[in-house]
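The structure appears right after this line, and notes come after that.
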Amino acid sequence: MYNFKETEKKWQTYWEENETFKTDVWDFSKPKFYALDMFPYPSGVGLHAGHPEGYTATDIVTRMKKMQGYNVLHPMGWDAFGLPAEQYAINTGNHPEQFTLDNIKTFKGQLKSLGFAYDWSREISTTNPTYYKWTQWIFKQLYLDGYAKYIDMPVNWCEELGTVLSNDEVIDGKSERGGYPVVRKNMKQWVMDIPAYAEKLLNNLDDLDWPESTKEIQRNWIGKSVGALVDFKVANTHHTFTVFTTRCDTLFGATYCVLSPEHKIVNEITTEEQKEAIEEYQRICATKSELERTELSKDKTGVFTGAYAINPVNNKEIPIWISDYVLATYGTGAIMAVPAHDDRDYEFAKKFNIPIIQVLEEETGETKENESQKNSIVAIVHDQETDQYLTINWHQLGGRLFIGGTIKEGETPLECAFREVAEETGYTDIEQLKETFKIRHHYYAHNKDKYFQIECTGFLFELKSHNKQTQNLDEDEAFDVEWVSKDIVLEEIKDALHLKTFEYTENGGAMTGDGIHINSEFLNGLYKEEAIQKMIAWLEEHHVGKKQINYRLRDWIFARQRYWGEPVPIVHMEDETDRVLEDEELPLILPKMDDYKGRNGKAPLENAEEWKHVEIDGIEGIRETSTMPGSAGSSWYFLRYIDPNNEDAIADPELLKHWLPVDLYVGGPEHAVGHLLYSRFWNEYLYDKGIVPVKEPFQKLVHQGMILGANGIKMGKRYPEYVVNPSDVVESHGADALRLYEMFMGPLQADKPWSQTGLDGSKKFLDRVYRIFEEGKMVEETTPELEKIYHQTVKKVTNDYETLNFNTAISQMMIFINAVYKEDKISREYAEGFIQLLNPVCPHMTEEIWHTYLGHDETIAVSTWPTYEESKTVEDTYEMIVQVNGKVRGKIEVSTSTTKEEMETLAKDIPNVKIHLEDKEIIKVITVPKKLVNIVVK
RNA sequence: GCUUGCGUGGCGGAAUUGGUAGACGCACAGCACUCAAAAUGCUGCGGUUUAUGACCAUGAGGGUUCGAUUCCCUCCGCAAGCACCA
Numbered sequence: 020m021y022n023f024k025e026t027e028k029k030w031q032t033y034w035e036e037n038e039t040f041k042t043d044v045w046d047f048s049k050p051k052f053y054a055l056d057m058f059p060y061p062s063g064v065g066l067h068a069g070h071p072e073g074y075t076a077t078d079i080v081t082r083m084k085k086m087q088g089y090n091v092l093h094p095m096g097w098d099a100f101g102l103p104a105e106q107y108a109i110n111t112g113n114h115p116e117q118f119t120l121d122n123i124k125t126f127k128g129q130l131k132s133l134g135f136a137y138d139w140s141r142e143i144s145t146t147n148p149t150y151y152k153w154t155q156w157i158f159k160q161l162y163l164d165g166y167a168k169y170i171d172m173p174v175n176w177c178e179e180l181g182t183v184l185s186n187d188e189v190i191d192g193k194s195e196r197g198g199y200p201v202v203r204k205n206m207k208q209w210v211m212d213i214p215a216y217a218e219k220l221l222n223n224l225d226d227l228d229w230p231e232s233t234k235e236i237q238r239n240w241i242g243k244s245v246g247a248l249v250d251f252k253v254a255n256t257h258h259t260f261t262v263f264t265t266r267c268d269t270l271f272g273a274t275y276c277v278l279s280p281e282h283k284i285v286n287e288i289t290t291e292e293q294k295e296a297i298e299e300y301q302r303i304c305a306t307k308s309e310l311e312r313t314e315l316s317k318d319k320t321g322v323f324t325g326a327y328a329i330n331p332v333n334n335k336e337i338p339i340w341i342s343d344y345v346l347a348t349y350g351t352g353a354i355m356a357v358p359a360h361d362d363r364d365y366e367f368a369k370k371f372n373i374p375i376i377q378v379l380e381e382e383t384g385e386t387k388e389n390e391s392q393k394n395s396i397v398a399i400v401h402d403q404e405t406d407q408y409l410t411i412n413w414h415q416l417g418g419r420l421f422i423g424g425t426i427k428e429g430e431t432p433l434e435c436a437f438r439e440v441a442e443e444t445g446y447t448d449i450e451q452l453k454e455t456f457k458i459r460h461h462y463y464a465h466n467k468d469k470y471f472q473i474e475c476t477g478f479l480f481e482l483k484s485h486n487k488q489t490q491n492l493d494e495d496e497a498f499d500v501e502w503v504s505k506d507i508v509l510e511e512i513k514d515a516l517h518l519k520t521f522e523y524t525e526n527g528g529a530m531t532g533d534g535i536h537i538n539s540e541f542l543n544g545l546y547k548e549e550a551i552q553k554m555i556a557w558l559e560e561h562h563v564g565k566k567q568i569n570y571r572l573r574d575w576i577f578a579r580q581r582y583w584g585e586p587v588p589i590v591h592m593e594d595e596t597d598r599v600l601e602d603e604e605l606p607l608i609l610p611k612m613d614d615y616k617g618r619n620g621k622a623p624l625e626n627a628e629e630w631k632h633v634e635i636d637g638i639e640g641i642r643e644t645s646t647m648p649g650s651a652g653s654s655w656y657f658l659r660y661i662d663p664n665n666e667d668a669i670a671d672p673e674l675l676k677h678w679l680p681v682d683l684y685v686g687g688p689e690h691a692v693g694h695l696l697y698s699r700f701w702n703e704y705l706y707d708k709g710i711v712p713v714k715e716p717f718q719k720l721v722h723q724g725m726i727l728g729a730n731g732i733k734m735g736k737r738y739p740e741y742v743v744n745p746s747d748v749v750e751s752h753g754a755d756a757l758r759l760y761e762m763f764m765g766p767l768q769a770d771k772p773w774s775q776t777g778l779d780g781s782k783k784f785l786d787r788v789y790r791i792f793e794e795g796k797m798v799e800e801t802t803p804e805l806e807k808i809y810h811q812t813v814k815k816v817t818n819d820y821e822t823l824n825f826n827t828a829i830s831q832m833m834i835f836i837n838a839v840y841k842e843d844k845i846s847r848e849y850a851e852g853f854i855q856l857l858n859p860v861c862p863h864m865t866e867e868i869w870h871t872y873l874g875h876d877e878t879i880a881v882s883t884w885p886t887y888e889e890s891k892t893v894e895d896t897y898e899m900i901v902q903v904n905g906k907v908r909g910k911i912e913v914s915t916s917t918t919k920e921e922m923e924t925l926a927k928d929i930p931n932v933k934i935h936l937e938d939k940e941i942i943k944v945i946t947v948p949k950k951l952v953n954i955v956v957k
């Protein structure tokens, strides 16, 4: 019987004592492979079930690559600074430093008990001064190059946590940690100018082997939009303001402008009469939290400033409003509003009765030459009592339509609509509900043999009563007037114009799609894209605007009013200058403090009186008391692993050149816009400085899925009875069984529920493997019966490990073991190969068998990975499938050398196939070599 | 609302340059071993049926094809991300 407890301990000690997985980074003779795990926060609760999943995945690849002759770097460390660790320490009444050290000890013990092939000599912790010296050094470079800035700006302030937070740490207006409310507040802050790298961060994404969803999240987060700046003069003043728009082609349709309540010129342009209302509105906005702003977003609010802006394109005066639907932090904090073609502006204009000017027409039908032009209407009449629509059934002549007609000279579209409804259907008592934007429609009129282009206005009416006049028809008009339901309308009305009109009346809102410009002077007749180009050219020519690219990505707020982080190596001097520390002064050590909690919104380091006050060149100064965010240290740790003890540089340039980029990076998807974006930014910056040799640090990224509780719900405080502790499983089933089970559960990337019986099953498989040796089923001579399946197994397992499809690799190994039991014996050769294949997943038991039953002296970790012969993986016969009309009617075992003709003959000879061919005419026979024959009959 | 994924037995899942749907495992049932149980080994296991066969079945409905889990369209459901970004 296999004793996993003793055995697992034994080999863990052996690997440690023999430094089996120590990497000689200077050995450039072998190809390199850098496998990286996202290093954990050493929280107080220890490892959770999800940790072993990702870590086993990289471990499998690491062990296989090592056996395949690669020099593999597989390190581990601790992301121990930051809010989570500090908050946890406060909650449990500990000091962050001791608490962190204790947790690291626990984590390390747990990881070792899982048998991971880490090179522990490269262990790093972001909290170690020898490490954060370089975090501060990178900050210094960024500061000197102007990317780290100390500026006054609106930030996310969390009162409960007593600190500012970066945008990715705020979710739905609440803090990611703890879910406390977050408000906007102006503060002098350290920020990183990550927007300066927006374009590079966006472009480089294309070439990365990353999950598409994560790339998309980063693209959205960066949020590039191409548009234009347009300058507006404020009428009768010397003031101007600039708006950002992606739709400068709609400038002729601008009927008002909106400034964000915080915009600089608001107070200067507001008229006396409006002053009170404006100030009141500004006051309300300022006190609203992020959460309140989003919650109240359903209804538009705003106040007129009393001032007017001059539209540069036609010199029309349009009112200037303020509203919180315009954000101070995006674009220029001001917009031109085009209600006809923007949903938000439309909603606002409707609420405040501001004019709406259509400048684009949607098009239906196809443009033809020599079209005659007409103006027309489509009238849709609805009867509330029956919820039916009034239609005209032209039968063969044109199918079902609403009421349509041409506008006569001197008639308004609305008058025309009333007239047409009365003439064609007799109904006179109708009330107008809606008028749609005009649609441009192209069609061919059979009776006149002419092409028409019409400009059509749609109307929706409500039937007030069934009062009727006599219909007034031309003699050639033959149709029936019918009331039909919405379903019939959608089913039977085929005409594009009528359908589109119906859609407009149903949905309402602005017309935001593409179309043809009208009411726009030099843009008339152009589609959106051409019009944008032409307008930009016009704006630039007249010096009232220019092309502009804008990003949603904001400055990375880089300071926390907390204790447990890297001190910022800056001194604010008495003479109002800032001094960055000399390299020799780094690391700036975090002072030990008994009371590390901030008071009254002040950073804890404010209380470190002795540490805080410095004198440089005879001038007094005060150190920066904010610390860096948790994501600072984790933004470059993958560089430090390569050369963790280097005292002169973040790492030796030659080593960086050899080992970068990371070949495989595995971690959770929750870091998509935090860590994964910040790391890319720092790496790209260091690349530009010539310190790092690659543009992108992580070539291949994979997110492991979440291990859910057996109830299918995320493990956590909510359902403590479903939480699985990996250490308990190591105790009860062994590390090998846990590793095997987590890899067999399903695809690495998928969320998967835990199953206790599934875990038992994995343990049983290991026992089943062990029993082969225990019961002496291994023989020295070869077992030809297993040859094919063995070679197939080596091939599949090797490929599947490479592509991280561990579940199917394990399934193939189970198939192999089932075959061994069927034969009841296995040759030494195949047994050794199989144990090597299983080793990366279950390193302890396989190591034990390798020594005890297979008689090796050296660790299996340095053995050579088994190979397969392609010729031995293929069968010489196969089961040919015979289909009749695509349905399987027979199967027959044939040789792989069977020709197409022979296949057909054999197929037609199968009794059950014959039955299905009887009295049928064979039309076609499709033969796929080594697969099937499909006989098509009639 | 927008973006990106996903939807297959009782359960986890397998199969995609379009070619036997349900590999492998769990659960379940039967047999062997045993005084018995556990453990172990072997066998069966999508549904219906008149059962060596036929029909139905990969969220629903349509399409392309000799043939669709796989490709296309519409709809439904679930998950994640974004959410007044001009």
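Counting the first sequence from 1 gives a position; the working numbering is that position plus 19. Ideal Cβ positions, reconstructed from N, Cα and C, are used throughout, including at glycine.
Shortest Cα-Cα distance from R196 to any of Y162, K124 and S185 involves S185. With a cutoff of 7 angstroms on beta-carbon distance, H875 and W869 are scored as near each other. DSSP places G686 in the uninterrupted beta strand (DSSP E) bounded by L683 to G686. Between A328 and C267, the CB-CB gap reaches or exceeds 7 angstroms. Runs of the alpha helix (DSSP H) lying entirely within the region 418 to 448, each at least 4 residues long, are 432 to 444 in chain order. Between the region 480 to 495 and the region 391 to 410, the count of C-beta pairs closer than 8 angstroms reaches three or more; the two stretches touch.
As the crow flies, the alpha-carbon of C177 is around 7 angstroms from that of V202. At a Cβ-Cβ threshold of 7 angstroms, P766 and I79 do not count as neighbours. An exposed status is given to F541, since fewer than 16 other beta-carbon atoms sit within 10 Å of its beta-carbon.
Setting aside the 5 residues that flank it on each side, R787 is surrounded in the same chain by I836 and Y840, each with a C-beta closer than 8 angstroms to its C-beta; the list follows chain order. D594 sits away from I641, with the two beta carbons spaced by 7 angstroms or more. Counting other Cβ atoms within 10 Å of its Cβ, S890 stays below 16 and is therefore classed as exposed. Counting only unbroken stretches of 4 or more residues, the alpha helix (DSSP H) elements lying wholly within the region 183 to 243 are 217 to 223 and 231 to 241, in sequence order.
In the three-state reduction of the DSSP assignment, P772 falls in the strand class. One alpha carbon belongs to P432, the other to G321, and they sit about 33 angstroms apart.
Between G350 and H863, the CB-CB gap reaches or exceeds 7 angstroms. Counting every other CB atom within 10 Å of its CB across the protein chains shown gives A497 a total below 16, marking it as exposed. When DSSP states are grouped into helix, strand and coil, Y463 belongs to the strand group. The C-alpha of L695 is placed about 25 angstroms away from the C-alpha of P606. Residue nearest to E937 within the set D843, G325, G198 and K927 is K927 (criterion: CA-CA distance).
The beta carbon of E388 sits closer than 8 angstroms to those of Y470, all from its chain and outside the five residues before and after it, given in chain order. DSSP places Y60 in the coil class of the three-state scheme, outside both helix and strand. Residue burial annotation: A756 is buried, with at least 16 other C-beta atoms found within 10 angstroms of its C-beta.
N334 and K676 have their C-alpha atoms spaced approximately 60 angstroms apart. Judged by DSSP secondary structure, W176 falls within the beta strand (DSSP E) whose first and last residues are A167 to C177. Straight across, the Cα-Cα distance linking T871 with Y789 is about 11 angstroms.
Under the DSSP assignment, Q117 falls outside any beta strand (DSSP E), being part of the alpha helix (DSSP H) whose first and last residues are P115 to S132.
Under the DSSP assignment, N931 falls in the alpha helix (DSSP H) whose first and last residues are P930 to L936. According to the DSSP assignment, P745 belongs to the alpha helix (DSSP H) that extends over P745 to S751.
Assignment of S342 by DSSP, reduced to helix, strand and coil, places it in the coil class.
Secondary structure of D755 (DSSP, three-state): helix. In the structure shown, K369 adopts helical secondary structure according to DSSP, grouped into three states. For A556, the three-state secondary structure derived from DSSP is helix. Residue pairing by DSSP places T261 opposite D250 in a beta bridge. In this structure, Y151 and I143 do not form a Cβ contact; the two beta carbons are roughly 10 angstroms apart against a cut-off of 8 angstroms.
F521: member of the alpha helix (DSSP H) spanning A515 to N526, first to last residue.
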